[in-house]
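Report on the structure given below.
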Amino acid sequence: MHNNESIYTELIERFSKSEEFLNFDIKTVKSLTGLKGGSDSLFFASLFNNNEESILIIKENESDAMLLSQSLNFYNIPNYYFPDYDTVPFTKMSPVTDIAQDRINILYKLINKEKCIIITTINAVTRKLPNRNDLKKLPIYLNVGDKLDLDNLRLTLYDLGYVIEREVAEKGTASVRGSIVDVFSVEYDNPIRIELFDEEIESIRLFNIEDGRSFKSVENIIIYPVREAIYSDSAVSEFLNNNEIEDELKDNITKRKYFAGSETLLPIFYNDLETIFDYFDYGYIFIDDALKLKNKLITIIDTIKENFNDIDNMFTIIEDIYKLYIDNNYFSEIVKKSINISPFITDIDIYKFHFEEGVSFKSRLTDFLDYVKEYREKDYLIILSTGHHDQALRFYKIMQDLSPTIITENEIEDEEKDSEDKEITDNKEINNNDNLENSENNEDNKEIILEDTNKKEEIIKDYSKNENNFYIITTQASSGFIKNDIKTIFIADWEVFGRKRKKVRKIPKVNKNLIETFVDLNVGDYAVHVNYGIGKYLGLTRKMSNGKEKDYITLEYAKGDKLYIPVEQMNFVQKYISGHGEAPKLTQLGGSAWDKIKSKAREDALATARELIKLYAIRSNIRGNVYGPDTQWQDDFEASFRYEETVDQLRAINDIKEDMESGKMMDRLVCGDVGFGKTEVAFRAVFKAIMAGKQCAILCPTTILSQQHYNNAKKRFEDFPIRIEVLNRFVTSKQTKKNKELLKTGSCDLIVGTHMLLSKDVEFKNLGLIVIDEEQRFGVKHKEALKKLRLETDVLTLSATPIPRTLNMALTGIRDISIIETPPLNRIPVKTFVTEFTEDAVVNAIERELKRDGQVFYLYNRIDTIESFALMIKKLCPKARICVAHGRMTGHQLEKIMGDFINHKYDILVSTTIIENGIDIPNANTILIDNANKLGLSELYQLRGRVGRSDREAYAYMFYPSDLALTEVAYKRLEAISEHTDLGAGFKIAMRDLEIRGAGNILGKEQSGMIYQVGYELYTQMLEEAANEYKGEIKEVTFDTVIDLKHNLFIPDSYIADSKEKISAYKLIMRSQSDEDIEYAKEFMIDKYGKLPKELEDIFDIAKLKIILKRMRILSVIEGQYNIYLKLDKLSKIDTDKLVKLINTKNSGVYFDKDNLNQLIIPVIHEKENDIEWKLEKIKNVILEIEGENYAPDTNSKNDKNINDNQEEHSKMSVAEANIKNNKNNRKRTVSRRSPKLIKVNKK
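For the sequence shown, the UniProt record's numbering begins at 1 and goes up steadily by one.
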């Protein structure tokens, strides 16, 4: 059985036994050359495995360093990239958290003498570091059984740079909840949960950041600081007492010890600073081209000097840059002690390796196949690195005749392997049985199929006797290489297609609990009670009622009326969200207005569902285009994709292909966040349609977006004979006329354009598929034209507006929707800063980006003054090249400016919101937004989505005027955009901004009006019920049982202090749908907060009962003064035979209520008044006793065929009828609480 380990072990062994490697003496060689292509990773892996020492490698730039690190991962070598600060020296800028944490983590690995390979850059080694002896004193060491002072721990964590938050969300954060402490230390991949018993550590556990659940116990942990520069309180006090210090610096450090740029003060607080070379005193140093790095260091130092001399701020206290940075002489001495990797022969003593660079085939697949075949026949070991399993499968299909073996990563689960093996088998069948249907209209397609068929007829050579194998592996490599003396060829898949794959960075995990609580109520939010209407949420209130203490959700209605809802009824309360930005009208309690509004909304939901189902039925009956299975070229096209597809992308692609091959008319919506890969999904559908001889169109709402799609399509389809044209205002009238003629004659395969495509003079010869991007942004007239198109051709709609899960469920079966929720593998969340506008902030942000040779968007939304604003930016950043773009420019002007910016002829693009959609420039990773307070939240989100579209850290700065008092709405918007920075935050953003465009997009404007009346969640629940009704299903989504028992019902403050967390806990418990949900919630609470208090145990028991009550559709269970009342109706799932029998059973303790015919009475025995367990058990037993057999889960009872006539009559009766009949037969029966002479019935 082969795996990655066996392959890299074989490679290392081969090279290690080669004459070149055996003759290489690391202790005497001072320089070497000949490490071409991706061979450096094999060299360092072999060196590492054959020596006891560690290795430090210095590269010129981050990109080269990270690619080497990625390649070493294939050989399973422990290696770490030590990054440079991403800040401009001597400015008020701190490195981003991830960089600071990576650096400190690596420094402790070096302090602990861990055997590893460290890869860094000349920029990173330039900056000095704290003394190792100082850093050794800082970590916190904790063991199970240790005594722990929580207050002292909290202070120490703050000193080490940890941010104390409500919940741990990322590395460098901590949370303290009662006897539970959560810490996300930089040392670990998962956060740590410490549970105390009194002052003793009872347990230490690792838990998942995604769901908050513990998964592993450990005996001890280390908590490292989160930054290099740790300033003790005593050192700060001593520093502040120095009279010579400027007031600005004193103010900054007094307000916040670790202010922006405080790392620059390292020489002030620490003596005897060291360098990374002092830390790395136990291994070998390799310098990648010493001559080049020496020259680069001169430039770096000159730039630092220039910055220092230009500054007029508090950092002049440093006095000399060499207190914080190394000089050229120091580095020259390091070079003398190191091994130089030279690109060419520099002297007679240089050691030479004989690697050749890998061959680049630039999508010439025939040449590639011939090349591999030639070296298979020469019996070479050939390794093709693909990066992921789907890519490996595609290559396997293309190259089956050459007998390759796919090697999957060790981490793949067995069941995944099984399914993938099946997929390989399926793919083999497809490969050998290419479908010739539907090719009669496409001569090119015939040629493709014939070419494939001819290949199948070639004589297949038997390679089974070869000593060496051909492996396709699923680990990404930076580049290939050839080593003839050991008969080895290593090929990176990007070399086959001529497109370099992006380096992959580790994506931070996201706390899914935070995502799930996006609809949590905040005090002041509007809320909807299903039965009482719209009110304002005032918070969680604890009140005494009948001598019992309970938590209540408090809502304020019209005229100041207040409604207190017990937490066990919280399912009736929803956060009010609508498609409008304005505040809703509060409902008046006690009136009938709310019932009328609800009734109208239900009618509207029924009409909407009916219309959608009708349209769906019409389209289902129309015969659409039938596309055959994927061709060989489809496999080639998909294999040339330079990224790894996400699971959701693959699912969407499969959904679309199933639609296209089914013969039905396709109308699918692909929904996904900004930059989540919807375009690639569409391109694959387009390619499939063109391979079947059809024309395709991509319709865009804006010129810039259409131009972007056109450019991307030209690049993506460049290796295939597909003609692509564009229709928008950038195109001349002459070219427009020509393009229309090409469409008419069928010479153009794919047209990309704006609404110009909907003009009457645009004719297609054989249109098969139209892709619509952001349909909601088209006008009414164009939407009508699109509605007509849907009945004529296949339609694929793309939307960046995420669809809420509830709406998607409501539309299941009446609308084809594919949702892409998974972010691309190398996508990193955008760091978002909301701050007052200052010139310093602007300069720092721009210089941070330009320092790494990136580009900047500056959004300025006033055309009249945009030119003067751009001049002001030029004065602040005189070295930057600046251009301006806005909507009043001609198409030609805009096209030229955008083209020049894309080609990096400019550093900064000052623009209006014209860039909101469609701009995709991976090198632009900083956006500054002027007057962000004036933009809507969804606009801010779309604008922020313009950056962060590569594997680089991206930054968004939301500026608001320094002299302006923000309105509450503007403040909430800015707060939300800074809060929701994680990938896929679009859904939460839409909810927070009360702009659920997803609902309006699919349901239309009329429905938006009804959503405004009743709130988004209630309307979608009504819509789901209506859809179920039309589909012949009876499923109530809005139903919930009311429970109100006389008992203490609250979560003690000592267990959970934060009211928002309490609401989340109540919601988790009360929304449980099964016993499994209850157990999950219970385990979660114990894990996160500690042992359950008695009050919470009771809440869980009530929730457990509620599951049964909801299943049987019991309307309410309410405890009065002496009795418990169970209210039922005609839809309650009970057996009236059993009910009558139970009531007539002696001492059953349950009675009909003769005043309320649909109600049962359970008297509460005096001594059980305060016994919640007895009450719950009694209610449960009564309910289960009368449950109808058709509704009972897993029932084994058999129907008795000998039912007498009287029982049949009962079973057809309603509860009220059974009550009346029973009362007639039992007139003397009384319900007594304390005395047989007195009936006391408390009515609620």
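Beta carbons: idealized from backbone N, C-alpha and C, even for Gly.
Model, not experiment: these values are computed from the prediction.
Rounded Cβ spacing between residue i and residue j (contact assumed at less than 8 Å)
i, j, result
"F1050", "I1078", "Not quite, the Cβ-Cβ distance comes to about 19 Å (not below 8 Å), so this is no contact."
"N76", "E5", "7 Å"
"R729", "G891", "4 Å"
Beta-carbon contacts of residue i that lie in its chain and below 6 Å, excluding the five residues immediately before and after
i, result
"V181", "I194"
"D773", "C700, L798"
"E698", "It should be pointed out that residue 698 corresponds to Ile in this sequence rather than to Glu. These residues qualify, in order along the chain: H709, V752, V771."
"V1215", "L1128, N1158"
"R952", "N925"
Top-ranked residue by Cα proximity to residue i, from the options
i, options, result
"D719", "D630, T366, K1130, T97", "T366"
"I1056", "F184, N1028, G1090, Y1030", "G1090"
"M756", "T703, D794, R723", "T703"
"L142", "E199, N1223, N112", "E199"
"R723", "F344, G1188, D749, D485", "D749"
"S1054", "G178, A841, N271", "G178"
"D347", "F44, L32, E10, E1095", "L32"
"I230", "N131, E374, N1222", "N131"
"S332", "M958, V125, V88, L589", "V125"
"D920", "D816, V674, N522, I300", "V674"
Buried/exposed call for residue i, threshold 16 Cβ in 10 Å
i, result
"E849", "buried"
"K1175", "buried"
"A392", "buried"
"N844", "buried"
"E437", "At E437 the pLDDT is 34, less than 50, meaning the model places this residue with poor confidence; the figure from the coordinates comes in the next sentence. Classification of E437: exposed, given that the 10 Å Cβ count is below 16."
"S733", "exposed"
"N1199", "Since pLDDT at N1199 reaches only 38, below the 50 mark, its modelled position is unreliable, and the value read off the structure follows with that caveat. It is exposed - the Cβ of N1199 has fewer than 16 other Cβ atoms within 10 Å."
"H389", "buried"
"P961", "exposed"
"L22", "exposed"
"P95", "buried"
"A174", "buried"
"H529", "buried"
"M1085", "buried"
Per-residue DSSP class, three states only, for residue i
i, result
"S640", "coil"
"Q1159", "strand"
"residue 1289", "Absent from the model: residue 1289. The displayed extent of the chain is 1 to 1244, so no value can be given."
"E411", "Legend: pLDDT at E411 = 36, less than 50; position of this residue unreliable, no value from coordinates given."
"L1049", "strand"
"P566", "strand"
"S54", "strand"
"N621", "helix"
"H709", "helix"
"T126", "helix"
"L1115", "coil"
"S1054", "coil"
"I99", "helix"
"Y526", "strand"
"G283", "strand"
Contact set for residue i: own chain, Cβ-Cβ below 7 Å, skip 5 residues either direction
i, result
"F764", "Q695, L743"
"H1047", "K548, D1098, I1172"
"L540", "D551, I553, S1059, K1062, I1063"
"H886", "I863, I866, S911, T912, I914"
"I7", "I383, I407, Y471, I473"
"G283", "E53, S54, I55, L56"
"H904", "Q855, N923"
Cβ neighbours of residue i in the same chain (closer than 8 Å, five flanking residues each side left out)
i, result
"V226", "T97, A100, Q101, I104, L160, G161, Y162, K171, G172, V186"
"D493", "L384, S385, T386, G387, Q391, F395, R501, A639"
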